[in-house]
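Numbering (the UniProt record's numbering), first residue to last: 1 to 559. Even glycine gets a Cβ: it sits at the ideal position worked out from N, Cα and C. Working notes for the structure below.
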């Protein structure tokens, strides 16, 4: 099989003005990598390395991710998922759309009409025989390998993911030439499928389907076979068909579209128009999207061809750590040194380019959009982006993105992607000494774990923990505490506990532990005052108790 390949332009080089330096960016990245090594990880390459082999992750992030499609041939399947397992799942769960969705016939466009007396599996098999493709929805709900793939990719890419399986009979297809609103990894499990990739077309207001003239003989073709992987950034036009054999493949979506500049501008504009707007209320409104469902979305989509940076995450065209720096800080005080200045510099450049593009288009200038109850023309939207209140709204928009990266999943999926924390290693460390074990034997409880902490206890932020600290609802009198979102839980943090929370969970700030192990007596405010907070962070899975470091004498004895 050939080596990795792709098509389309190289990474855009739109940043011509000198960017302010990220003064400690490299150091911050190194610290975060050190934090990632805190918890034991499985031996061997991670999920990203396995997907893109033989390409190195650094090369993928620098030259492919967000910008170009790429094909990675492999000689064996990455996941042990079989047609037998699919049949068992349908037999046990039925054929409702939450389980399996039979797509309209790609040639005749008719819907499948099953025999009235057929069972669930027979109905699905009959549709397959008649040439209907189908989608097995929410694969992670029943497939352990599928769930692990989603969890590992969420951890590796820092952004929400979803997993579907497509089952296509021979001489058929799922859709015509179209584009999608999210990045996708195609992972071929069985059989084969021939793909045609025709570049990027950010025009989903046509329902995602392209005009016939968009596909021509110059579109590259790739045949995916068992084990092969392909990455498609969103808005990439593509079409896939089967020939003499069936195809079973996974589509693993990376929901990057919520975190690119085009979508973040929606948050910026809403905040600039309403200074009292709160993060959680805005996320609850459903306005943070880029799918062509509102006049503002369509307005921004029409600008995508004129300003390619709108398709990228902040600093995505210059830094491979862009998604990590966007999604993983604890709060505004935990941003990497120099990050915000660089993002604001990029924002001003994009706002200026948007202003120029709107000024040159009568249609864009006259477009009417709404920001809450406020109606604006496209010309006024462009002017608003140039105002200082829009610049001031950028840090708020970054906070929206951080919380969305945790809350995007539904309640059930959130529990699966961020499962109930494993506390046994923490409990083992809590009673690892003879005296500690004897004390625990006398009636210790998990709810009283904080009382087992001593000044020498080693603690560390859990590698898989997701934490976002919202300060905007906090009041000076302390009646409304700060909200700490930890995985699927929301904890209240008082003003007195804020320095301890930032120290324990911060990843980039110089005043935080930066993900490194620390002793309990290093927590700001002192151990006694911090016990209640530390207790809740341990049980929520944000922190772990780490084994005590062996003394030089013990280490020598062990050798």
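Cα-Cα separation between residue i and residue j, rounded to whole angstroms
i           : j           : result
residue 542 : residue 487 : 8 angstroms
residue 63  : residue 317 : 9 angstroms
residue 255 : residue 188 : 20 angstroms
residue 540 : residue 156 : 22 angstroms
residue 345 : residue 397 : 15 angstroms
residue 26  : residue 311 : For residue 26, the pLDDT reaches just 46, beneath the cut-off of 50, and the residue's location in the model is therefore unreliable, although a value from the coordinates is still provided. In a straight line, the C-alpha of residue 26 is about 25 angstroms away from that of residue 311.
residue 185 : residue 482 : 37 angstroms
residue 204 : residue 291 : Note on residue 204: pLDDT 48, under 50, position unreliable in the model; the coordinate value appears next. Roughly 7 angstroms between the two C-alpha positions.
residue 74  : residue 48  : 14 angstroms
residue 378 : residue 296 : 9 angstroms
residue 252 : residue 455 : 45 angstroms
residue 244 : residue 220 : 21 angstroms
residue 57  : residue 70  : 13 angstroms
residue 328 : residue 499 : 18 angstroms
residue 386 : residue 111 : 50 angstroms
residue 273 : residue 326 : 23 angstroms
residue 433 : residue 442 : 15 angstroms
residue 547 : residue 517 : 10 angstroms
residue 29  : residue 321 : Here the model assigns residue 29 a pLDDT of 45, short of 50, so the residue's position is not dependable, and the following value carries that caveat. Going by the C-alpha atoms only, they are around 8 angstroms apart.
residue 85  : residue 148 : 16 angstroms
residue 95  : residue 102 : 9 angstroms
residue 34  : residue 315 : Confidence in residue 34 is poor, its pLDDT being 39 and thus under 50, which makes the residue's placement unreliable; the coordinate value appears in the next sentence. Approximately 22 angstroms, taken between the alpha carbons.
residue 257 : residue 91  : 35 angstroms
residue 218 : residue 87  : 39 angstroms
residue 179 : residue 480 : 45 angstroms
Run of the beta strand (DSSP E) containing residue i, from where it starts to where it stops
i           : result
residue 301 : Segment 295–301 is the alpha helix (DSSP H) holding residue 301; no beta strand (DSSP E) there.
residue 430 : Here residue 430 belongs to no beta strand (DSSP E); instead the alpha helix (DSSP H) covers 424–430.
residue 237 : 236–241
residue 232 : 229–232
C-beta contact flag for residue i and residue j at 8 angstroms
i           : j           : result
residue 355 : residue 382 : yes
residue 444 : residue 469 : no
residue 100 : residue 137 : yes
residue 167 : residue 133 : yes
residue 390 : residue 384 : yes
residue 515 : residue 461 : yes
residue 400 : residue 279 : yes
residue 340 : residue 395 : yes
residue 126 : residue 115 : yes
residue 150 : residue 135 : no
residue 202 : residue 304 : yes
residue 128 : residue 183 : no
residue 323 : residue 158 : yes
residue 144 : residue 46  : no
Residue range of the unbroken alpha helix (DSSP H) whose run includes residue i
i           : result
residue 52  : 47–52
residue 61  : 57–63
residue 122 : 120–129
residue 152 : 144–157
residue 218 : Careful: residue 218 lies outside any alpha helix (DSSP H) and carries neither H nor E.
residue 267 : 261–273
residue 339 : 339–359
residue 401 : 388–407
residue 279 : 279–285
residue 81  : Residue 81 -> no alpha helix (DSSP H), and no H or E assigned at all.
residue 365 : 362–366
residue 322 : 322–327
residue 582 : Beyond the ends of the chain as shown, which are 1 and 559, falls residue 582; an answer cannot be given.
Rounded Cβ spacing between residue i and residue j (contact assumed at less than 8 angstroms)
i           : j           : result
residue 283 : residue 403 : 6 angstroms
residue 165 : residue 250 : 6 angstroms
residue 197 : residue 146 : Not really, about 25 angstroms apart at Cβ, beyond 8 angstroms.
residue 388 : residue 353 : With 8 angstroms as the limit, residue 388 and residue 353 do not qualify as a contact, their Cβ atoms being about 18 angstroms apart.
residue 191 : residue 247 : 4 angstroms
residue 531 : residue 453 : 7 angstroms
residue 496 : residue 529 : 7 angstroms
residue 351 : residue 300 : Contact flag wrong, Cβ pair sits at about 12 angstroms.
heavy atom of the ligand GDP below 7 angstroms from residue i C-beta
i           : result
residue 282 : Absence of the ligand GDP from the depicted structure is noted, as is the absence of any ligand whatsoever, leaving it without description.
Quick check: the stretch 431–450 against the stretch 526–541, are at least 3 beta-carbon pairs closer than 8 angstroms?
yes
Inspect the CB distances between the stretch 424–432 and the stretch 495–515 and report whether three or more fall short of 8 angstroms.
no
Indicate whether the contact test is met: 3 or more Cβ pairs, each with one atom in the stretch 163–178 and one in the stretch 105–115, closer than 8 angstroms.
Per the Cβ contact rule, the stretch 163–178 is in contact with the stretch 105–115 (3 or more Cβ pairs under 8 angstroms).
Determine, using beta-carbon pairs with one atom in the stretch 362–379 and one in the stretch 232–241, whether at least three such pairs fall under 8 angstroms.
no
How about the stretch 220–233 and the stretch 266–284: do they share at least three Cβ pairs that are nearer than 8 angstroms?
no
Within 8 angstroms, do at least three Cβ pairs link the stretch 518–528 to the stretch 429–442?
no
Give a yes or no on contact between the stretch 50–69 and the stretch 109–121, applying the rule of three or more CB pairs nearer than 8 angstroms.
no
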